[in-house]
Every structure is written in C-alpha cells, then in structure tokens.
Amino acid sequence: MPSVLLRFYAELNDFLPPSRRQAEFAQDFGTGAAVKDIVEAAGVPHTEIDLIVAGGRSVGFDYRPRDGEHISVYPIFESVDVTPVLHLRPAPLRDTRFVLDVHLGKLARLLRLLGFDARYGHDLDDAELARISRDERRILLTRDRGVLKRSGVTHGTYVRASQAEAQAVEVLRRFDLSGAVRPFTRCPRCNGLLRPVAKADVLDRLEPKTRLYFDDFRQCASCGQVYWQGSHAEPLQAALRRITNRASGMDASAD
Ligand SMILES: [Zn+2]
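The numbering of the sequence shown is our numbering, which starts it at 3 and goes up by one.
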C-alpha cells in the first residue's frame, strides 16, 4: 500500500494521538486517494486546514499524492512563510454567524447574550447542521469532529474547551470578535433581536416590583419575551465581562 509522510503544524496536532504530534509520520492510502481524504483519515477535519504543501508547493484538497511524498499541513490562521501560497479557505464569511451542535447549548446562549447570531436546536442532526451552515453561511461550531468531515461544510471549527465560558473566549479569540460584542441585544432564548418597547405596552406582563423599579424595556422581536436591566442576574453580567476581558487579552491571569 502506498504511503505519504505527513507533518501537521500548530494546533492541528490536537487532533493526533500523542505519538504522532509535532513529528513526521507515515500514513497509508488507497491508490488515487485525494489528499483531503488522507489527512482526514489521519484524524484532522479538512475544515481546520488552510494550507497543504506537497513537495515544496501548495496544493488543493483534490491533489493526489505520490507514494513516499512529504506533505506539510497548516491550520487556519497560522501565519506561514510559504511561497507560492495557495490557501484552501474560500473567502471569509462577511457576517460572523454561527450554528452550534447539540452539545453546545450553553455556548449558544452566551454567544446570543454577547449579541451574536447563534442558531441552535437540540433536534438538529449532523446532516441538518451541515445544510444550515452551507445554506445560511453560518460557521459551524461543534464538539464532534465527524460533522466537520462531511463534505459541504466549508466553514466549521472544532471547539476545544469543554466549559461554556472558556468556549466563548475561544470563539471570540479565534474569529477576532472582541470588537463586535453587543451585550443584551439578542434574545438568549430564541436568538431573536431585541428592540425597545414602551413600558405601557408590556405593563400587564410585569411583576409588581418590576413595574415599580424599571422603566426601560426591550422585547424580543421573535418570541415576545420582555427584558429589562435587572432581568439578567449579576452573576451572568459578571460572566459576560470575564469573557470579553479574557478574549481581548485584558485578563491574562484567567488563562
Ligand atoms: Zn426570543
């Protein structure tokens, strides 16, 4: 069976077993296989890859390597000095919007609270996620590498952190979104946009104390939920501050 000598760079090593990290290793492949399938057989989803160099030149995902060829694989956002550089990513999405897999409900809620368009449903299966990502031009966030290997997913990323707050920091950093945070502009329940609403229009939906102490209200344009300044508990507001501070590097100690 033919084989190539593969070397993965930077965070792509996270996908490999320890013995294969930061080192060249042999990977067998079926004759005529595309390099995309060979690197995925090694455990690395193609959506994480920005650049593949074979025999000193950059190649596309459909490149068919020869037996014994040396192949270097670089991640998205890794800056490398390779000429000529043929990046494999399509043009970046204009708006940063997300669709999240079933494991990331808490992260979806945090992203919405930070103002990001984050579609999530516990009933979305892998095929649905791939379709939504493609059709609605949403970045697929997932804890399941298998979803990223589906063809058709061009914008997806594997979320490495396991805890929701750390996941939010990871996403903000990865897509450089600190400057785009707009807290409390989107409904954490349904992802709808919040708009100002007159107190008189929502009076009958408020508890007596809320009626007494608050005057500024927002309502979700999609589900009708009413929000006011006190409706987000202080621990939640503190969590959002921690996330934005860590993502923008203002709180290095949190790493
Ligand atoms: Zn809503």
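Glycine included, C-beta positions come from ideal geometry on N, C-alpha and C.
- [ ] Note down the Cα distance separating F17 from Y229, rounded to an integer number of angstroms.
- [x] Taking the sequence shown and counting its residues from 1, the one referred to as residue 17 is at position 15. Taking the sequence shown and counting its residues from 1, the one referred to as residue 229 is at position 227. Roughly 42 Å separates the two Cα atoms.
Task: Check whether V155 and V149 have beta carbons under 8 Å apart - done: The residue labelled residue 155 in the question sits at position 153 within the sequence shown. The residue labelled residue 149 in the question sits at position 147 within the sequence shown. In this structure, V149 lies closer than 8 Å to V155 by Cβ.
Open item on the list: Is the separation between the beta-carbon of F186 and that of L196 shorter than 8 Å?
Closed with: On the sequence shown, position 184 is the one that residue 186 refers to. On the sequence shown, position 194 is the one that residue 196 refers to. Closer than 8 Å, so yes.
Open item on the list: Only counting the same chain, and skipping five residues up and downstream in sequence, which positions put a Cβ closer than 6 Å to that of R184?
Closed with: By 1-based counting over the sequence shown, the position of residue 184 is 182. Contacts found: G117.
Open item on the list: Just to confirm the assignment: which complete alpha helix (DSSP H) runs, minimum length 4, are found wholly within the region 184-253?
Closed with: 201-204, 210-215 and 236-249
Task: C-alpha distance - N15 paired with Y215, whole-angstrom precision - done: Your numbering for residue 15 matches position 13 in the sequence shown. Your numbering for residue 215 matches position 213 in the sequence shown. When rounded, the distance between both Cα atoms is 54 Å.
Task: Residues sharing a beta bridge with I54, DSSP - done: As a first step, residue 54 must be located in the sequence shown, where it is residue number 52. According to DSSP, I54 bridges with V61 and V75.
- [ ] Measure the CB-CB distance between T144 and D103 and report whether it falls below 8 Å.
- [x] To locate residue 144, count along the sequence shown from 1; it is residue 142. To locate residue 103, count along the sequence shown from 1; it is residue 101. Yes.
Open item on the list: Using a Cβ-based criterion (distance less than 7 Å to any ligand heavy atom), does Q233 qualify as near ligand 1?
Closed with: Along the sequence shown, one-based indexing puts residue 233 at 231. Sequence check: residue 233 is Ser here, not Gln. For ligand 1, not one heavy atom lies less than 7 Å from the Cβ of S233.
Task: Alpha-carbon spacing of F219 relative to A200, whole angstroms - done: Here the question's residue 219 lines up with position 217 in the sequence shown. Here the question's residue 200 lines up with position 198 in the sequence shown. Those two C-alpha atoms are separated by around 7 Å.
TODO: Indicate the three-state DSSP secondary structure (helix, strand or coil) for R121 in the structure shown.
DONE: Your numbering for residue 121 matches position 119 in the sequence shown. Strand.
Open item on the list: Can you tell me whether H48 is buried or exposed? The criterion is at least 16 other CB atoms within 10 Å of its CB, across all chains shown.
Closed with: Within the sequence shown, residue 48 is the residue found at index 46, counting from 1. Buried, by the Cβ-count rule.
Task: Buried versus exposed call for R243 [16 or more other C-beta atoms within 10 Å across all chains shown] - done: To locate residue 243, count along the sequence shown from 1; it is residue 241. Exposed, because fewer than 16 other Cβ atoms sit within 10 Å of the Cβ of R243.
Task: Residue range of the unbroken alpha helix (DSSP H) whose run includes R147 - done: For the purposes of this step, residue 147 is identified with residue 145 of the sequence shown, where counting begins at 1. It spans R147 to L150 - the alpha helix (DSSP H) in which R147 sits, taken as one unbroken run.
Open item on the list: Using a Cβ distance threshold of 8 Å, determine whether the region 52-67 contacts the region 161-177, with at least three qualifying pairs required.
Closed with: With the cut-off at 8 Å, the region 52-67 and the region 161-177 do not touch.
Open item on the list: Rounding to the nearest angstrom, what Cα-Cα distance links P77 and I54 in this structure?
Closed with: The residue you call residue 77 lines up with position 75 of the sequence shown. The residue you call residue 54 lines up with position 52 of the sequence shown. The straight-line gap from Cα to Cα measures roughly 9 Å.
Open item on the list: Can you give me the C-alpha to C-alpha distance between D39 and G32, rounded to a whole angstrom?
Closed with: Locating residue 39 in the sequence shown gives position 37, counting from the first residue. Locating residue 32 in the sequence shown gives position 30, counting from the first residue. Whole-angstrom Cα-Cα distance: 10 Å.
Task: Cβ shell of R140 (< 7 Å), same chain only, five flanking positions each side left out - done: Residue 140 sits at position 138 when you count from the first residue of the sequence shown. Result list for R140: R99, F100, V101, R121 and I134, in chain order.
Open item on the list: Rounded to the nearest angstrom, what separates D83 and E50 at their Cα positions?
Closed with: Along the sequence shown, read from residue 1 onward, the residue named residue 83 stands at position 81. Along the sequence shown, read from residue 1 onward, the residue named residue 50 stands at position 48. Summary for D83: the model assigns pLDDT 38, below 50, so the residue's position carries little reliability, and this model does not support an answer.
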